[in-house]
Amino acid sequence: MTDLPDGVIVRRVLEGDPDAFGVLLSRYRDRMARFAVHMLGDRDEAEDALQEAFIRAYRSLRRCADPDRFDAWLFRIVVNRCRTAAARRARRARLVAGDAPAVGRAAAAPADPDGWREEIERALARLAPEQREAFLLKHVEELSYEEMARITGAGESALKMRVKRACERLRGLLRERQYV
Amino acid sequence: MIRRAGLLLSWLLAAAAPLRAQDPRLAARLDPAALRSVQPLVDSARALGLPAEPLVSKALEGAAKRASAERIAAAVRALLADLRTARVALGPGADGPAVAAGASALRAGIRPEDLHRLRDAGGGAAVPLAVLAELVARGVPADTAVEAVLELARHGVAEPEYTRFERHVVQDIGAGIPPGVAAATRAAAPAALGPPAGVTRGAPPAGRPRPAPPAHP
Amino acid sequence: MSDLRGDELLERVVAELRRPVALSPDFDARVMAALEPPSPWTAPLRWLTRPRTVTVSPLGLLGAAACLAGLVVAGAALATRALRVLEPPPQVAVAPAPGPRAEVVRFVLAAPGARRVSVIGDFNDWDAEATPLRPAAAGVWVADVALPPGRHEYAFLIDGREWRADPIAPRAPANEYGVPNSVITVGARSS
Chain A
-3 MTDLPDGVIV
7 RRVLEGDPDA
17 FGVLLSRYRD
27 RMARFAVHML
37 GDRDEAEDAL
47 QEAFIRAYRS
57 LRRCADPDRF
67 DAWLFRIVVN
77 RCRTAAARRA
87 RRARLVAGDA
97 PAVGRAAAAP
107 ADPDGWREEI
117 ERALARLAPE
127 QREAFLLKHV
137 EELSYEEMAR
147 ITGAGESALK
157 MRVKRACERL
167 RGLLRERQYV
Chain B
492 MIRRAGLLLS
502 WLLAAAAPLR
512 AQDPRLAARL
522 DPAALRSVQP
532 LVDSARALGL
542 PAEPLVSKAL
552 EGAAKRASAE
562 RIAAAVRALL
572 ADLRTARVAL
582 GPGADGPAVA
592 AGASALRAGI
602 RPEDLHRLRD
612 AGGGAAVPLA
622 VLAELVARGV
632 PADTAVEAVL
642 ELARHGVAEP
652 EYTRFERHVV
662 QDIGAGIPPG
672 VAAATRAAAP
682 AALGPPAGVT
692 RGAPPAGRPR
702 PAPPAHP
Chain C
20 MSDLRGDELL
30 ERVVAELRRP
40 VALSPDFDAR
50 VMAALEPPSP
60 WTAPLRWLTR
70 PRTVTVSPLG
80 LLGAAACLAG
90 LVVAGAALAT
100 RALRVLEPPP
110 QVAVAPAPGP
120 RAEVVRFVLA
130 APGARRVSVI
140 GDFNDWDAEA
150 TPLRPAAAGV
160 WVADVALPPG
170 RHEYAFLIDG
180 REWRADPIAP
190 RAPANEYGVP
200 NSVITVGARS
210 S
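Protein chains in written order, with the numbering used here: chain A, -3 to 176; chain B, 492 to 708; chain C, 20 to 210.
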């Protein structure tokens, strides 16, 4: 079953085989995880958001208009869950006196001897959320602007501007690294 | 007048006898340092006519989570401040549950002036305020959530309608609709609302026909 | 389709960000354990397991639970898979003074490997012993609690030491004690 197209697997799930959803889960889990972790800057929060996203996707599977593009539909849910989680954290940071981290913990990652990974995560965290989101979807997840427009609900020119600004900002924040 | 005298009296008594009227749950679960800090805060709330139960609950939560006395006191103090702000925004007519729900809304990022607007529109009760806090918790931007609940309040909907509205919004969000869009869409849907109340305080939204006021006797 | 050709710095950034990210080893298991079967004929059973399905008076609580149990058992004869996640609730925990408009809410947590799980919240005075969950199936823990209307904060406690917020519920905005709470709102039922 692991090499069947998404549409077929979605139909199997809807016909009463919840275990088939596991195939979709393992197919897309890593990719969604990569986006969520970089978007939220915190692995635990990303896991919660992802878990919620997959469960919601399962529960509203009937509403997936194009099962052959299940990944785009799932991406939209993941993007939404991440926005909710980030909004929650921003409110918490305002309300709680003390050290609610504005910069998330770096994701548990392969060895990072010179701190490059952590520096990137810190720079990402300093982008405006919609810029970070657009940058990750365009350059890390390599989606087209058309797909991104469908997933985020923003127009293509707005998305292009966000990506451009994100790149400029990242260049500025990480400039010293050019000379290492 | 008599009520105020009674409050003043209980204030004096509370000040004079710190061990009076302890909630047995606090005495049983808090360590002495925490109890010493928290009890006066709970007494203040009662004296001010604010609901004390949220404060007791906050303290018990800290005890369950093994927080230090300082942290528990800070948390209770912060909640007391929110309850006071909510009381001011919602007015003296608001009951305990409404004030508690108002404090939750403030903590979710709603501004006091928006609580005030809700009160003026007839939505300053516990259920609309709880729905408001819930929407924001689920990612609806605060001002969108306020406008949505205001819309329902202006239409004078009954409590179950607020709950039904919230459930629909939550479902829509789960299906992938951006939270702000979901809330705004559902609030505008005529099926969710009855006809506008006969005479409303604020102007109805532009584009809707203004209902004729009821005939006065 | 990268627009970054020639931008060496950002190419390096993106190469680093494209590396895979590890999740907890039990992530898949947790997700799968939380799924219910979606088949149309189990819709009535799903309705029974969905939180906030029932408004009962305290007098009717045990009667309602017995009816739920009866319906569930009848449905279960047709659905062995449904039974994996679902079972007749033998009794319903009652929050202190739930009152006449209480609703029965089902709390569910996937915690394979846990020895005991309880739900702790404002409805049971944050008492760790008051509302244990029972193991329902394959690492899934369940408790049915009658809650009065209103907003409630809660969290799960696993093996007496690990606090966990409910992955499916919204979070409470404040987090003064370092452990986030989840929120559930029990409202007046629409007719």
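Quick reminder that beta carbons are idealized off the backbone N, C-alpha and C, glycines included.
- One alpha carbon belongs to L170(A), the other to L120(A), and they sit about 10 Å apart.
- With fewer than three CB-CB distances shorter than 8 Å, the region 46 to 64 of chain A does not count as touching the region 138 to 146 of chain A.
- Taking a beta-carbon distance threshold of 8 Å, E552(B) counts as an interface residue toward chain C.
- Here the region 35 to 43 of chain A makes contact with the region 26 to 46 of chain C; the two share three or more CB pairs at distances below 8 Å.
- L20(A) has a beta carbon lying at 8 Å or more from every beta carbon in chain C.
- The beta carbon of I563(B) does not come within 8 Å of any beta carbon belonging to chain A, so the residue lies off that interface.
- Chain A places a beta carbon closer than 8 Å to that of P669(B), counting this residue as a contact.
- Contact annotation: P545(B) and L570(B) have beta-carbon atoms nearer than 8 Å.
- For E181(C), the closest Cβ of chain A is not nearer than 8 Å.
- Under the 8 Å criterion on CB atoms, I601(B) is classed as non-interfacial with respect to chain A.
- In the DSSP annotation of this structure, the continuous segment of the beta strand (DSSP E) that includes T204(C) starts and ends at S201 to V205.
- A585(B) counts as buried, since no fewer than 16 other beta carbons sit within 10 angstroms of its beta carbon.
- Proximity of the region 166 to 175 of chain C to the region 31 to 38 of chain C falls short of the contact definition, fewer than three beta-carbon pairs being nearer than 8 Å.
- Shown here, G593(B) sits in a helix according to DSSP, grouped into three states.
- For Y141(A), the enclosing alpha helix (DSSP H) begins and ends at Y141 to T148.
- As far as DSSP is concerned, R87(A) takes part in no beta bridge.
- Chain A has a Cβ within less than 8 Å of the Cβ of E35(C).
- Think of a sphere of 7 Å around the beta carbon of A83(A): the chain B residues whose beta carbon falls inside it are G630, in chain order.
- Here the alpha carbon of L128(C) sits roughly 22 Å from the alpha carbon of L57(A).
- The beta-carbon of W112(A) is placed no less than 8 Å from the nearest beta-carbon of chain B.
- Residue burial is scored here from C-beta neighbours: A524(B) has fewer than 16 other C-beta atoms within 10 angstroms and is therefore classed as exposed.
- Annotated three-state conformation of S22(A) is helix, per DSSP.
- By the criterion of a C-beta distance shorter than 7 Å, P632(B) is surrounded in its chain by G671, once the five residues flanking it on both sides are discounted.
- When 8 Å is used as the limit between beta carbons, R25(A) is near these residues of chain C: L42, F46 and D47, in chain order.
- For V159(C), the uninterrupted beta strand (DSSP E) segment begins and ends at V159 to L166.
- Excluding the 5 residues flanking it on each side, G179(C) has same chain C-beta neighbours closer than 8 Å at R135 and A147, in chain order.
- The C-alpha of D26(A) is placed about 46 Å away from the C-alpha of G615(B).
- Under the three-state reduction of DSSP, P154(C) is assigned to strand.
- E117(A) carries a helical assignment under DSSP once its states are collapsed to helix, strand and coil.
- In the same chain as R7(A), and ignoring 5 residues on each side of it, the C-beta atoms closer than 7 Å to its own belong to P63, in chain order.
- Collapsing the DSSP output to three states places V622(B) in a helix.
- Listed by position along chain A, the residues whose Cβ is nearer than 7 Å to that of A53(C) are I51.
- Interface annotation, S548(B): in contact with chain C, CB-CB separation under 8 Å.
- Residue state for G179(C) is assigned as coil, using DSSP reduced to three classes.
- Residue A130(C) holds the alpha-carbon nearest to the alpha-carbon of L176(C) among I203(C), A130(C) and N194(C).
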